[in-house]
Amino acid sequence: MRPILSATGTYNYPLAKWLDKKLKSLSTNTYTISDIFQFSQDIRNTSIGVDHILVSYDVTALFTNVPAHETITILVEKDFSDNWFNDTYDLNLTKDQLRELHELATTNQLFQLDVTLYEQVEGVAMGSPLGSLLANTFMCSIEEKLEEKNELSSFYKRYVDDTLAIMPDLNEANIFLNKLNSCHRNLKFTMEIAKQNTIPFVGMNITKSGNRLETSFYRKSTNTGLLLYCHSHVDKRYKDCLLATMIHRAYQLSSTPTAFSAECNKLRSTFLNLDYPNVLINSAINKFLRNIDNIDAAKNTRGDTLSSIIVVPLPFKDQQSANSVKKQMKILSANIGIQIKPVFQTKKIDQILALKEKKPPIVNNQCVVYKFECDLCDADYVGSTKLQHKNGRKFIFQRYKFDNRWPRQTPGRFDDPDHNALCNNFPHWIRWKLPWTLHYLQEVRHQSSHSLTNRQPRLLQLIHRLHSDSYVSVLFIQWTRLALGDHRHNHL
721 MRPILSATGT YNYPLAKWLD KKLKSLSTNT YTISDIFQFS QDIRNTSIGV
771 DHILVSYDVT ALFTNVPAHE TITILVEKDF SDNWFNDTYD LNLTKDQLRE
821 LHELATTNQL FQLDVTLYEQ VEGVAMGSPL GSLLANTFMC SIEEKLEEKN
871 ELSSFYKRYV DDTLAIMPDL NEANIFLNKL NSCHRNLKFT MEIAKQNTIP
921 FVGMNITKSG NRLETSFYRK STNTGLLLYC HSHVDKRYKD CLLATMIHRA
971 YQLSSTPTAF SAECNKLRST FLNLDYPNVL INSAINKFLR NIDNIDAAKN
1021 TRGDTLSSII VVPLPFKDQQ SANSVKKQMK ILSANIGIQI KPVFQTKKID
1071 QILALKEKKP PIVNNQCVVY KFECDLCDAD YVGSTKLQHK NGRKFIFQRY
1121 KFDNRWPRQT PGRFDDPDHN ALCNNFPHWI RWKLPWTLHY LQEVRHQSSH
1171 SLTNRQPRLL QLIHRLHSDS YVSVLFIQWT RLALGDHRHN HL
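Note that the numbering used here numbers the sequence shown so that position 264 is 984, with each residue one more than the last.
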């Protein structure tokens, strides 16, 4: 079974996104394909022996077979090679701390299937921000081992779990397949040989023609040609951009004018089936052909252009209203000297007809487990709530509860004499910083706007008190901004 999960909105999703952004550069090497357009350009300049063959190797279910803990160890070792991670991002984490962050973001993933709750104990889930990062890191470690033994072929390129290699003959291809399968017990590779000197790879057909390689656009046999319908309730700009994108892709992946012309004819047939006017399709193709010489120049200046544009998302009503807004925005941009670009959004059908998924009993009956730690010693206390955690309900604890301002007494009872002798003379907001903050935030989030405004000095005072603990401060400020809104916390 290969779970494909939507991690958006889960408790560890922001952490996974943060780690992915910081560590993306460590998941590639000289054999990794990062841009298929650039790869299609490079492979056309690659010479191949007359007797050599094209071979594709594919990993069976790579994501679910990635050893998560082993790959995390590999990634952490790369992070702390010459203290790269801390020096690059001006941090002060230890190996154990970074490993714990990785494990929190990737392991013990829960998912539901047919009202049954499952836990993924090995591998990474497809849909997690760190899925491709860990998969690429693991494959890079395999390739580095093969490179040390000088067992890689002269031409070897990989895109996630698909690999293209040039082999002298079929016997050598089978020998290399056995080497790949012996690299790790979790990996199982399959092999595909070029048929009639042509092999599909990452969205293109690669054809051997003498001692050189040619490329063309590739479609799977299961492709239905289902794209954005012409009469869909979206801004016309999206339809124009879809045409331009498909034509540009065909051009980049076609090494000869004949291949590009053939793909344009297929695209014309596909879009006609989606009720696009023939005039619009031909206009898009002719416009692209006129601007072919400017493609590279536009690509180089795109980053600078996007950085100077202010994007304004707006709901899409109809095309006439959209055109009117675009005109007004253009006039406003000319008057203020800043380019403003409206982006029209259409509600998805699942936002209108949202279905509620039936939850298993373990989810519906869950309570909140909490832990308190003393900031001055190693004493702690773990408990759980009596009531379920639902929106609009405060946390009521089994052993005690807070009043509106300060905890009246120390949470729980500790038998540690060192804690009682050393810590009881300090104010409660020093000893029980984190739990008080969480309770206060729970209270703040359920107050009216007027009450929140009156509590602003109180919030500022608490932030100053929490300044010594950066983690709690960040947590508090984020929750406070969610509660108050941007217009109420600019002075923070």
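For every residue, glycine included, the Cβ atom is placed at its ideal position computed from N, Cα and C.
By how many angstroms is the C-alpha of residue j removed from the C-alpha of residue i?
i     : j     : result
L811  : N1006 : 52 angstroms
F783  : Q840  : 12 angstroms
E867  : D762  : 21 angstroms
L830  : T990  : 40 angstroms
T752  : A825  : 24 angstroms
N906  : S861  : 14 angstroms
E1163 : Y731  : Because the pLDDT at E1163 is just 40, under 50, the model does not fix this residue reliably, and the point stays unresolved.
R819  : G1057 : 48 angstroms
S852  : N785  : 13 angstroms
R894  : I919  : Note that residue 894 is Asn in the sequence shown, not Arg. Those two C-alpha atoms are separated by around 17 angstroms.
D740  : L850  : 6 angstroms
A736  : R969  : 31 angstroms
N1002 : V922  : 28 angstroms
T827  : V796  : 15 angstroms
T814  : K744  : 19 angstroms
Q1059 : K1047 : 12 angstroms
D955  : I773  : 47 angstroms
K1037 : P1062 : 13 angstroms
P888  : P977  : 30 angstroms
F875  : L884  : 8 angstroms
G930  : D778  : 26 angstroms
F800  : N806  : 8 angstroms
Quick check on residue i: buried or exposed, where buried means 16 or more other Cβ atoms within 10 Å of its Cβ?
i     : result
K928  : buried
Y971  : buried
A788  : buried
T942  : exposed
D881  : buried
G843  : buried
A1054 : exposed
V770  : exposed
C984  : buried
R878  : buried
H822  : buried
N959  : As written in the sequence, residue 959 is Lys, which differs from the Asn given in the question. Buried: at least 16 other Cβ atoms inside 10 Å.
T1213 : Outside the displayed range of the chain (721 to 1212) lies residue 1213, so it cannot be described from this structure.
I1247 : Residue 1247 is absent from the structure shown; the chain starts at 721 and stops at 1212.
E863  : buried
Y949  : exposed
P734  : exposed
Y996  : buried
What are the boundary residues of the beta strand (DSSP E) that residue i is part of?
i     : result
I886  : D882 to M887
Q761  : No beta strand (DSSP E) contains Q761, which is instead part of the alpha helix (DSSP H) from I756 to R764.
S929  : M924 to S929
D778  : I773 to V779
P1033 : I1029 to P1035
Once DSSP output is grouped into helix, strand and coil, what is the label at residue i?
i     : result
F800  : coil
P734  : helix
V1045 : helix
D807  : helix
I768  : coil
K940  : coil
T836  : strand
T935  : strand
H948  : Checking the sequence shown, residue 948 turns out to be Leu, not His. Coil.
K1061 : strand
K915  : strand
L725  : coil
L830  : strand
N739  : Strictly speaking, residue 739 in this sequence is Leu, with Asn absent from that position. Here L739 sits in helix by DSSP.
L1073 : coil
H789  : helix
T1078 : The question names Thr, but residue 1078 in the sequence shown is Lys. Residue state, collapsed to three classes: coil.
N1055 : helix
K1067 : coil
Check for me: the alpha helix (DSSP H) holding residue i runs from which residue to which?
i    : result
V999 : N998 to R1010
N749 : Segment: none, N749 is in no alpha helix (DSSP H) and carries neither H nor E.
Q817 : K815 to T826
T978 : P977 to N993
I919 : Not the alpha helix (DSSP H): I919 falls in the beta strand (DSSP E), residues T918 to F921.
I967 : K956 to L973
L782 : L782 to N785
Looking at chain C, is there any beta carbon in it that lies within less than 9 angstroms of the beta carbon of residue i?
i     : result
I1029 : As a matter of chain content, chain C is missing from the structure shown, which is built from one protein chain.
At a cut-off of 8 angstroms, is residue i close to the ligand MN when judged by its beta-carbon and the heavy atoms of the ligand?
i    : result
T808 : What this structure holds is no ligand at all, so the ligand MN is not there to describe.
List, from N- to C-terminal side, the alpha helix (DSSP H) runs of 4 residues or more that fit wholly inside the stretch 838-891.
851-868
Taking only runs that begin and end inside the stretch 888-912, name each unbroken alpha helix (DSSP H) of 4 or more residues, in chain order.
890-901
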